[in-house]
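In what follows, a single structure is set out as structure tokens and then discussed.
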Amino acid sequence: MKKLLDKTAKNKTQIPQVPINITDADFDAALKKHPLLLVDFWAAWCNPCRVIALIIEAIAKEYAGKLVCAKLNVDENPITAAKFQVASIPTLLFFKNGKLADRIVGAVPRQHIEARIKQLI
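The working numbering puts the sequence shown at residues 149 to 269.
Shown next as structure tokens:
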């Protein structure tokens, strides 16, 4: 029983409850590691990105264990942004099993994002 509890505790610490920061260098590794990944493409100068950031933080906590949220700064990581043709920010990309499954461009209400998540879970 102790081994099972230790294993459960270990797994809980590995499930992020806040958005993780990813870069061009570790993007592919994040795709492989997380079966359901929501990536927020953003920039520091983007005001709508700040609104979405608060929503993504809440979603990361609420859906921990089902979905991992990540943030990718497009100014610092242009290769990944170009690869997925991110021309406007904020852009949210949803990946399921390493493949692009959905996309939202622009600041949208939380309910809109959650509806997309529920389709993928």
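Beta carbons are placed, not taken as given, at the ideal position from N, Cα and C, and that holds for glycine.
**Asked** Near VAL253, what residues of its chain come up, given a Cβ to Cβ distance below 6 Å and the 5 sequence neighbours on each side ignored?
**Response** SER236, THR239
**Message:** Assuming contact is defined by CB atoms lying nearer than 8 Å, are VAL216 and LEU184 in contact in what I supplied?
**Reply:** Contact flag set, yes.
**Prompt:** Among residues of its own chain, excluding the 5 on either side of ILE203, which ones have a beta-carbon nearer than 6 Å to its beta-carbon?
**Reply:** The residues are ARG258.
**Where VAL234 falls: helix, strand or coil (DSSP)** = coil
**LEU241 classed as buried or exposed, judged by whether at least 16 other C-beta atoms fall within 10 angstroms** = buried
**For THR228, three-class secondary structure by DSSP** = helix
**Prompt:** Can you check whether the CB of PRO164 is closer than 8 Å to the CB of ALA230?
**Reply:** no
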